[in-house]
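Novice: If you're matching them up, the sequences are chains L and G in order.
All residue numbers for the first sequence refer to my numbering, where the first residue is 170 and numbers rise by one.
All residue numbers for the second sequence refer to my numbering, where the first residue is 170 and numbers rise by one.
In this text, a Cβ means the ideal position worked out from N, Cα and C, and glycines have one as well.
Number of protein chains: 2
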Amino acid sequence: MESTNLTPDIAVQALAALAQETRLGVFRRLVAAGPEGLPAGDIAASLGVAANTLSFHLAHQAQAALVTATREGRVIRYRADFSRMAELIGFLLADCCGGRPEICLPLGLPPTVPETTDEAPARSCCG
Amino acid sequence: MESTNLTPDIAVQALAALAQETRLGVFRRLVAAGPEGLPAGDIAASLGVAANTLSFHLAHQAQAALVTATREGRVIRYRADFSRMAELIGFLLADCCGGRPEICLPLGLPPTVPETTDEAPARSCCG
DNA sequence: GACATAATTCGATGATTCTGGAATTATCGA
DNA sequence: TCGATAATTCCAGAATCATCGAATTATGTC
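1. When the Cα atoms are used, what is the spatial distance from G:Gln-182 to G:Thr-222?
2. Using a 10 Å radius around the Cβ and a threshold of 16 neighbouring Cβ atoms, would you call L:Glu-256 buried or exposed?
3. Going by DSSP, what residue range makes up the alpha helix (DSSP H) through G:Ala-263?
4. Under a CB-based cut-off of 8 angstroms, is L:Val-236 close to chain G?
5. By alpha-carbon positions, which one of G:Ala-263, G:Arg-269, G:Ile-258, G:Asp-264 ends up nearest to L:Leu-262?
6. Does G:Gln-230 come within less than 8 angstroms of chain L when only Cβ atoms are used?
7. Mind listing which residues of the segment 256-268 of chain G have their C-beta closer than 9 angstroms to chain L's C-betas, in chain order?
8. Are the Cβ atoms of G:Leu-199 and L:Leu-184 separated by less than 8 angstroms?
9. Evaluate the contact criterion for the segment 190-197 of chain L versus the segment 213-220 of chain L: three or more CB pairs, one atom per stretch, below 8 angstroms.
10. Identify which residue in G:Asp-264, G:Gly-268, G:Thr-237 has its Cα closest to the Cα of G:Thr-176.
11. Alpha carbons only, please: which of G:Val-244, G:Ala-234, G:Glu-241 is nearest the one belonging to G:Phe-251?
12. CA-CA distance, G:Arg-243 and G:Leu-207?
13. With DSSP as the reference, label G:Arg-243 as helix, strand or coil.
14. Between the beta-carbon of G:Ala-238 and the beta-carbon of G:Ala-231, is there less than 8 angstroms?
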């Protein structure tokens, strides 16, 4: 029942896909955009970088499986892939927190599991 | 009551301090070493890199506050700083998980908060 | 088919990073 | 003080990365 854990190699790749100003900006915007994601052009405009520069970074993130791309006519829409992010965080908690994940989970920060597990508002958003 | 959240700039710095093969190797070894940490020389030997190369990477990680250094005679001992790692993970959960941290916490992975929320068992272990 | 738009790939350039040799600093022991 | 050890800083070279202009591919519209 392990949540498939990343290898260090893959973890490095995923970390590198976020460890740069433009790239973290891209990802945060995609996260903020939610399930709809954003067209590549919108991200580029929002960040003020050239379209080809953005493609360069998106390619990295797609390679790392942190984002997905779907063509919609002339537009290519990007979305954050939360499952990969979960794997990355899982790796950090497992491998970088001394075997005690709880010491790296800011106390009471996230309502890890809200009192009522029944209906979480977040559903298919991050498939 | 926010757990001091990292700025994107600082988060990039912390991510970059891990997003490289040698550096992630360093950090994982420090984590595995536990509270005792490791002398710089031991890390270098364990990773098979030159001492000066290791210093270069350790400096990055120290700058990012992910490791701490204490001199012990001729040896300088390094330790992983879990509080910084917690901040990093906190940032990722808050800013990169669509406002719903739980979707990035591999289900039932860590016993996030044991049944009793009052007393956190993990304490001074990690400075 | 011809044209316009969205995005990527190609090519080049400047900047940054990673690495290790050599020199330097700090500590310990005799 | 001298020598040995641990680690860092200094320096240079090679490699990688980030950026953007130009060309290319893919799609939609007329």
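Specialist: Reading from the atomic positions:
1. Counting from 1 along the second sequence, the entry for residue 182 of chain G is found at position 13. Counting from 1 along the second sequence, the entry for residue 222 of chain G is found at position 53. So the two alpha carbons sit approximately 19 angstroms from each other.
2. Taking the first residue of the first sequence as 1, we reach residue 256 of chain L at position 87. So L:Glu-256 ends up on the buried side.
3. Working through the second sequence from its first residue, we reach residue 263 of chain G at position 94. Note, G:Ala-263: alpha helix (DSSP H), 251-264.
4. Walking along the first sequence from the start, residue 236 of chain L turns up at place 67. L:Val-236 does not count as touching chain G.
5. As a working mapping, residue 262 of chain L is identified with position 93 in the first sequence. With distances taken between CA atoms, L:Leu-262 lies nearest to G:Ile-258 out of G:Ala-263, G:Arg-269, G:Ile-258, G:Asp-264.
6. Residue mapping note: residue 230 of chain G aligns to position 61 of the second sequence, counting from 1. No, G:Gln-230 lies away from the interface with chain L (no Cβ there is under 8 angstroms from its Cβ).
7. Glu-256, Leu-257, Ile-258, Gly-259, Leu-261, Leu-262, Ala-263, Asp-264, Cys-265, Cys-266, Gly-267, Gly-268
8. As a position in the second sequence, residue 199 of chain G is number 30, starting the count at 1. As a position in the first sequence, residue 184 of chain L is number 15, starting the count at 1. Not closer than 8 angstroms, so no.
9. yes
10. For the purposes of this step, residue 176 of chain G is taken as residue 7 along the second sequence, with counting starting at 1. For G:Thr-176, the nearest C-alpha among the options comes from G:Asp-264.
11. Stepping through the second sequence from its first residue, residue 251 of chain G is reached at position 82. For G:Phe-251, the nearest C-alpha among the options comes from G:Ala-234.
12. The residue you call residue 243 of chain G lines up with position 74 of the second sequence. The residue you call residue 207 of chain G lines up with position 38 of the second sequence. Answer to the nearest angstrom: the Cα atoms are 13 angstroms apart.
13. Numbered from 1 along the second sequence, position 74 holds the residue referred to as residue 243 of chain G. DSSP places G:Arg-243 in coil when its eight states are reduced to three.
14. To locate residue 238 of chain G, count along the second sequence from 1; it is residue 69. To locate residue 231 of chain G, count along the second sequence from 1; it is residue 62. Yes, the Cβ-Cβ distance between G:Ala-238 and G:Ala-231 is below 8 angstroms.
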